[in-house]
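Participant: For the sequence shown, the positions run 5 to 428 when this note's numbering is used. For glycine and all other residues, C-beta sits at the position ideal for the given N, C-alpha and C.
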Amino acid sequence: MPALTLREILALDPVRAAEPELLAGHTALDRPVRWVHSSEVYEGANFLDGGELLLTNGFGLMDADDEVRRRYVRELASRGVAGLAVEVGRSLPAMPAEVVDEAHRRELPLLAMHRVVPFVRITEAANRAIVARGLSGRSVVRPWGDDHTAALLADLADRAALNQPEVEARAALAGFHPGPGARLVGVSLHGTREVGTVDRAVRLLGGAGVLRAAFPGDVLALLSLPGARPGDPVKAVQEVFRTAADPGLTVAVGHAVSASQGGWLRWSDTLRAARTTLELALTVPAAEPGVPDGPLVTSSRALALERELTRGGLDANRERLSALVHHTLGPLLTWEASHSSDLVRTLETHLRNGCSPTRTAALLHIGRQSLYQRLERIETLLGLDINDSDLLGELLTATCAHRLVERPSGARPATTTPHFKRTA
5 MPALTLREIL ALDPVRAAEP ELLAGHTALD RPVRWVHSSE VYEGANFLDG
55 GELLLTNGFG LMDADDEVRR RYVRELASRG VAGLAVEVGR SLPAMPAEVV
105 DEAHRRELPL LAMHRVVPFV RITEAANRAI VARGLSGRSV VRPWGDDHTA
155 ALLADLADRA ALNQPEVEAR AALAGFHPGP GARLVGVSLH GTREVGTVDR
205 AVRLLGGAGV LRAAFPGDVL ALLSLPGARP GDPVKAVQEV FRTAADPGLT
255 VAVGHAVSAS QGGWLRWSDT LRAARTTLEL ALTVPAAEPG VPDGPLVTSS
305 RALALERELT RGGLDANRER LSALVHHTLG PLLTWEASHS SDLVRTLETH
355 LRNGCSPTRT AALLHIGRQS LYQRLERIET LLGLDINDSD LLGELLTATC
405 AHRLVERPSG ARPATTTPHF KRTA
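1. For a quick check, are the C-beta atoms of Gly84 and Gly55 less than 8 Å apart?
2. For a test of the three-state rule: what should DSSP assign to Pro237, helix, strand or coil?
3. Contact between the stretch 185–200 and the stretch 233–247 is defined here as three or more beta-carbon pairs at a separation below 8 Å; is this criterion met?
4. Looking only at its own chain, which residues have a Cβ that is under 6 Å from the Cβ of Trp339, when we skip the five neighbours before and after it?
5. Is the number of C-beta pairs between the stretch 246–258 and the stretch 177–186 that are closer than 8 Å three or more?
6. Strictly by DSSP, which residues pair up with Asp319?
7. Quick one: which unbroken beta strand (DSSP E) runs of 3-plus residues sit fully inside the stretch 225–295? Chain order, please.
8. If I follow the unbroken beta strand (DSSP E) through Ser304, where does it start and stop?
9. Put Glu91 into one of helix, strand or coil per three-state DSSP.
10. Looking only at C-alpha atoms, which of Arg216, Val90, Gly185 and Gly235 sits nearest to Val193?
11. Measure how close the beta-carbons of Ile134 and Val37 come, nearest whole angstrom, since I'm counting them as under 8 Å.
12. Which residues does DSSP list as the beta-bridge partners of Leu8?
13. With 16 as the cutoff for other CB atoms within 10 Å, does Ser303 come out buried or exposed?
14. Measuring alpha carbon to alpha carbon, tell me which of Ala249, Thr31 and Val90 ends up nearest Arg109.
15. Using beta-carbon positions only, say whether Leu282 and Asp203 come within less than 8 Å of one another.
16. How is the alpha helix (DSSP H) around Glu71 delimited, first residue to last?
17. According to the neighbour-count rule (16 or more other Cβ atoms, all chains shown, within 10 Å of its Cβ), is Gly29 buried or exposed?
18. Determine the direct distance from the alpha carbon of Gly358 to that of Pro184, and round the result to whole angstroms.
19. Can you tell me which of Thr201, Arg276 and Cys404 puts its alpha carbon nearest to the alpha carbon of Leu355?
20. Return the CA-CA distance between Arg20 and Val206, expressed in angstroms with no decimal places.
21. Who pairs with Pro122 in a beta bridge, going by DSSP?
22. For His194, which three-state DSSP category applies?
23. With a 10 Å radius around its C-beta and 16 neighbouring C-beta atoms as the bar for buried, classify Glu323 as buried or exposed.
24. Ignoring anything shorter than 3 residues or poking outside the stretch 20–67, list the beta strand (DSSP E) runs there in chain order.
25. Just mark Glu12 as buried or exposed, buried being the case when its beta carbon has 16 or more other beta carbons within 10 Å.
26. Near Leu70, which residues of its chain fall below 7 Å by C-beta distance, leaving aside the five closest residues on each side in sequence?
27. Please classify His41 as buried or exposed, where buried requires at least 16 other C-beta atoms within 10 Å of its C-beta.
28. Quick one: what does DSSP say Arg132 is sitting in, helix, strand or coil?
29. Within a Cβ cutoff of 7 Å, which residues of the same chain sit near Leu347, ignoring the five residues on either side of it in sequence?
30. Could you check the C-alpha separation between Pro289 and Gly252 for me, to the nearest Å?
31. On the DSSP bridge assignment, give the partners of Met117 in chain order.
32. Checking the sheet assignment: what are the DSSP bridge partners for Val199?
33. By the DSSP assignment, the beta strand (DSSP E) with Val85 in it spans what residues?
Next up, the structure:
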């Protein structure tokens, strides 16, 4: 069957509530409508792809001269829009005669909307209907290309201009239906071009939904965990990937967000957090050693400080971070330049583990007595009590910054999520 037509759009309840009057283009009501947009930009025809029904309140037409109004209609027609719907009676008292005349000349469907209905109600209803036609397998218009899942994930990761009905409809098209209270967690993997690792993790989670796709650089996934599932969803996702992922893989887990609160921007947030975390995991030495012969599985919460310090890019922050490091840790750096020691790393590990000597010594693979000697040396050089709670934030920030700016020159470059081009 054909795509949703303008005639069918006009039959939707929110559209009918606006009391549309067809003033021109009576023979073009069976045009397919690719999407419904609202815009008050009257020089923006070049940004349209064709097939759209454009909604406007007409404010920009009110003070325009005759030729500007005609040119606006001509440009829309040349872009192949499916129709123009103008709200009249509020900003625009009546439809200008030259707009009607030019629409007749171009056989462009022109609608006067006589009652005020929020455009968001019209766009939500219409775009849901458009995608619903696609869900039934009857659509001949595929504005996101053939790989709906990859295109949606890329759009979310790139924070492309989307709206909630579009995201939900496209997710449903890919078979992704987060239930009531579901928690969403973004995941990014490096070291494989197959989605099998994600599928194994989902099976181990049991009852989880997933959107996943392989890109040239890595695999991106959005997991949905049932709201009734007990425990920390981020920890649960990390644990299953430690089991499911092969040695050598790097897995970054974003934070957990509500599937129903905050809209698609929250979906985007967890995917973007997973992506930035993966980039840091690939380019910056880890604060603590990973599991030998196993995958590196980390999370946005584990690298929260690194993410904040590099917001806007590491290169843009390098000078500031270097100054912080030398101001706070200068005596340690001077000592390490002439002695075989690992005082900065020891201090960071100690602070990250609640100043627990047992945990720190175990992670550094040294005896507790050796650790005490290192900590005493650190305090002597800095002239500080490292257990002073007032110093915790400054010292931890500085040691983390040192690891960021002193990363090995041979570290792998960060990967980037590819941008998908929408195709008609």
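Facilitator: Inspection of the coordinates gives the following:
1. yes
2. helix
3. yes
4. Leu385
5. no
6. Its beta-bridge partners do not exist; DSSP assigns none.
7. 254–262
8. Neither: Ser304 is in no beta strand (DSSP E) and is coded neither H nor E.
9. strand
10. The identity of residue 193 in the sequence shown is Leu, whereas the question assumes Val. Among Arg216, Val90, Gly185 and Gly235, the Cα nearest to that of Leu193 belongs to Arg216.
11. 7 Å
12. Paired residue(s): none; Leu8 is not in a bridge.
13. buried
14. Thr31
15. no
16. Asp70 to Ser82
17. buried
18. 37 Å
19. Cys404
20. 44 Å
21. Its beta-bridge partners do not exist; DSSP assigns none.
22. strand
23. exposed
24. 24–28, 39–42 and 56–60
25. buried
26. Leu is not the amino acid found at residue 70; the sequence shown has Asp there. Excluding sequence neighbours, Asp70 sits near Glu102.
27. buried
28. helix
29. Leu336, Trp339, Glu340, Arg378, Arg381 and Ile382
30. 15 Å
31. Pro24 and Glu91
32. According to DSSP, Val199 bridges with nothing at all.
33. Per DSSP, Val85 belongs to no beta strand (DSSP E) and is neither H nor E.
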